[in-house]
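Sequential numbering of the sequence shown, starting at 96, is according to our numbering. Every residue gets a Cβ at the ideal spot worked out from N, C-alpha and C, and that includes glycine. A short worksheet on the structure shown next.
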Amino acid sequence: MSDIQAIERQILDAIASATDEAALEAVRVSVLGKKGSISELLKSLGGMTPDERKVNGPLFNGLRDRAAAAIAARKTVLEEEALNARLAFERVDITLPARPEPSGSVHPVSQALDEVTAIFADLGFAVAEGPDVEFDDYNFTRLNIPPDHPARQMHDTFYVAKQADGSRHVLRTHTSPVQVRTMLKQKPPIRIISPGRTYRVDSDATHSPMFHQFEGLVIDEVTHLGHLKWVLEEFCKAFFEVDKVEMRARPSFFPFTEPSVEWDLRCDRSGGQIKFGAGNDWLELAGSGMVHPRVLEMCGIDSTKYQGYAFGGGIDRLAMLKYGIPDIRSFFESDLRWLRHYGFAALDLPTLDGGLSR
Ligand code: PHE
Numbered sequence: 096m097s098d099i100q101a102i103e104r105q106i107l108d109a110i111a112s113a114t115d116e117a118a119l120e121a122v123r124v125s126v127l128g129k130k131g132s133i134s135e136l137l138k139s140l141g142g143m144t145p146d147e148r149k150v151n152g153p154l155f156n157g158l159r160d161r162a163a164a165a166i167a168a169r170k171t172v173l174e175e176e177a178l179n180a181r182l183a184f185e186r187v188d189i190t191l192p193a194r195p196e197p198s199g200s201v202h203p204v205s206q207a208l209d210e211v212t213a214i215f216a217d218l219g220f221a222v223a224e225g226p227d228v229e230f231d232d233y234n235f236t237r238l239n240i241p242p243d244h245p246a247r248q249m250h251d252t253f254y255v256a257k258q259a260d261g262s263r264h265v266l267r268t269h270t271s272p273v274q275v276r277t278m279l280k281q282k283p284p285i286r287i288i289s290p291g292r293t294y295r296v297d298s299d300a301t302h303s304p305m306f307h308q309f310e311g312l313v314i315d316e317v318t319h320l321g322h323l324k325w326v327l328e329e330f331c332k333a334f335f336e337v338d339k340v341e342m343r344a345r346p347s348f349f350p351f352t353e354p355s356v357e358w359d360l361r362c363d364r365s366g367g368q369i370k371f372g373a374g375n376d377w378l379e380l381a382g383s384g385m386v387h388p389r390v391l392e393m394c395g396i397d398s399t400k401y402q403g404y405a406f407g408g409g410i411d412r413l414a415m416l417k418y419g420i421p422d423i424r425s426f427f428e429s430d431l432r433w434l435r436h437y438g439f440a441a442l443d444l445p446t447l448d449g450g451l452s453r
């Protein structure tokens, strides 16, 4: 065997016995690096006669090419092995059941909001949403509250700086602008529920400048207040998880409904706990009414053909009542001890068949 063949044998053996990428790299440096054995051979060509070079040149170059190819091939094999080892080691069995670690909890307002949505969804209402920063036009004007109308003073509005075109945005003072948004883009029949954040300049034990409302809207050719009463009753029974409720209607005024009705729920507050369906107390539940024909017209709906009702109420208050929380401000203080006490398990989504709150 010639010297060259012996060297090649040695190099190939070293490559084959490198068991990881670091060892292979060490072999590569010792062979092809600046001072590597093959590099030295190639350098020696410089000191040879032209005839010697003619013989040795191709031999050395061939050796270098084969060594480089062997290193590349070995590298691929080692990389694959490393990847397979990692895949085996990091394997996750996705068929294993989840092991929930209750490190977070669902806020009572989110819980109540999910419950309200689940109940109305079950009654056939679709969920609609609108932005918190709303056009003055949608929050007021198209709800039959023109500029300078005294009803604007009923809402202590947060105004946003004027736009370049002179129009004004507000933080929506109620979820009713979602009625407008829905009617502007959808033809009747309409049946939506819209829970979300609302804002008013107000703060005490029962008012927070940011709070939550739910809004319902049903428009078709026949719907009337009787339907509304039944829907609200069904909602109350499901939400408060009781078999029987009694509701009282009070005449009211909202510019966007005619007639307007406010609904109270009979309850008993004696004994420190609140019970529904009996007692001599009344709990304010929601404002409502038949959608004003002017609102229908301003939202592109033919008021001689279509009619329907709308209702709206506070979600925070519902959550306070259902879960016995005395001060609305505690909802938004982000006190972790409070959240752990009043929060709900993150993976238990409220459903009517699975139970709303457990
Ligand atoms: N938007 C009214 C409020 O915030 C409630 C309401 C909604 C009344 C829909 C009538 C119809 O007080």
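I want to check one thing, is the minimum distance from the CB of T352 to the heavy atoms of ligand 1 below 7 Å? Residue 352 sits at position 257 when you count from the first residue of the sequence shown. Under cutoff, so the answer is yes.
Which word fits I106, buried or exposed, when buried means at least 16 other C-beta atoms lie within 10 angstroms of its C-beta? In the sequence shown, the residue the question calls residue 106 occupies position 11. Buried, because 16 or more other Cβ atoms sit within 10 Å of the Cβ of I106.
Rounded C-beta distance between I99 and L137? I'm assuming under 8 Å. Here residue 99 is taken as the residue at index 4 of the sequence shown, counted from 1. Here residue 137 is taken as the residue at index 42 of the sequence shown, counted from 1. Actually they do not touch by this definition, with Cβ atoms about 12 Å apart.
Quick one: does the C-beta of Q248 sit closer than 7 Å to a heavy atom of ligand 1? Counted from its first residue, the sequence shown places residue 248 at position 153. Result no, Cβ not under 7 Å from ligand 1.
Say whether chain C places a C-beta atom closer than 8 Å to the C-beta of A381. Here there is only one protein chain, and chain C is not present.
Would you say the stretch 384-395 touches the stretch 415-423, given that touching needs at least three Cβ pairs under 8 Å? no
Keeping to the same chain, check which residues put their C-beta closer than 7 Å to that of E328; ignore five residues upstream and five downstream. Locating residue 328 in the sequence shown gives position 233, where the first residue counts as 1. Excluding residues within five positions, the ones whose Cβ falls inside 7 Å are V340, M342.
Quick check: the Cα distance between L178 and A333, rounded to an integer number of angstroms? Within the sequence shown, residue 178 is the residue found at index 83, counting from 1. Within the sequence shown, residue 333 is the residue found at index 238, counting from 1. C-alpha separation (whole angstroms): 54 Å.
D251, DSSP secondary structure in three states: If you number the sequence shown from 1, residue 251 lands on position 156. Residue state, collapsed to three classes: coil.
Over what stretch of residues does the beta strand (DSSP E) that includes Q308 continue unbroken? Locating residue 308 in the sequence shown gives position 213, counting from the first residue. From DSSP, the beta strand (DSSP E) with Q308 extends over 305-315.
Note down the Cα distance separating L127 from L173, rounded to an integer number of angstroms. In the sequence shown, the residue the question calls residue 127 occupies position 32. In the sequence shown, the residue the question calls residue 173 occupies position 78. If you take the alpha carbons of L127 and L173, they lie about 19 Å apart.
C-beta atoms of I102 and S132 nearer than 8 Å: Residue 102 sits at position 7 when you count from the first residue of the sequence shown. Residue 132 sits at position 37 when you count from the first residue of the sequence shown. A contact, by the Cβ cut-off of 8 Å.
Taking one C-beta from the stretch 354-373 and one from the stretch 242-259 each time, how about it: are there three or more such pairs within less than 8 Å? no
Round the Cβ separation of F309 and G408 to the nearest angstrom and send it over; I've been treating them as touching at under 8 Å. The residue labelled residue 309 in the question sits at position 214 within the sequence shown. The residue labelled residue 408 in the question sits at position 313 within the sequence shown. Right, the Cβ-Cβ distance comes to about 6 Å (below 8 Å), so this counts as a contact.
Label G449 either buried or exposed according to how many other C-beta atoms from any shown protein chain fall within 10 Å of its C-beta, with 16 as the threshold for buried. In the sequence shown, residue 449 corresponds to position 354, counting from 1. Result: exposed.
Whole-angstrom Cβ separation of E210 and L416, contact assumed at under 8 Å? Against the sequence shown, residue 210 aligns to sequence position 115. Against the sequence shown, residue 416 aligns to sequence position 321. At roughly 12 Å, the Cβ-Cβ gap does not stay under 8 Å, so E210 and L416 are not in contact.
Comparing C-alpha positions only, which one of L312, E175, D231 sits nearest to A216? In the sequence shown, residue 216 corresponds to position 121, counting from 1. Answer by Cα proximity: L312.
Considering only residues of the same chain and omitting the five flanking positions on each side of E229, which have a CB-CB separation below 8 Å? In the sequence shown, the residue the question calls residue 229 occupies position 134. The answer, listed in chain order, is H264, V265, L266, R267, P272.
Secondary structure of Y401, DSSP reduced to three states: Position 306 of the sequence shown, counting from 1, holds the residue named residue 401. In this structure, Y401 counts as coil in the three-state DSSP scheme.
According to the Cβ coordinates, are T270 and G291 closer than 8 Å? As a first step, residue 270 is located in the sequence shown; it is residue number 175 there, counting from the start. As a first step, residue 291 is located in the sequence shown; it is residue number 196 there, counting from the start. Result yes, Cβ atoms of T270 and G291 sit closer than 8 Å.
What is the residue span of the alpha helix (DSSP H) that L136 lies within? Here residue 136 refers to the residue found at position 41 when the sequence shown is read from its first residue. Unbroken alpha helix (DSSP H) run through L136: 132-139.
My guess is that Y404 and M385 are in contact by the Cβ rule of under 8 Å, so how many angstroms apart are they, rounded? Within the sequence shown, residue 404 is the residue found at index 309, counting from 1. Within the sequence shown, residue 385 is the residue found at index 290, counting from 1. About 6 Å separates the two Cβ atoms, so the contact holds.
Under 7 Å from any heavy atom of ligand 1, does the C-beta of F406 make it? The count along the sequence shown starts at 1 and reaches residue 406 at position 311. Indeed, a heavy atom of ligand 1 lies less than 7 Å from the Cβ.
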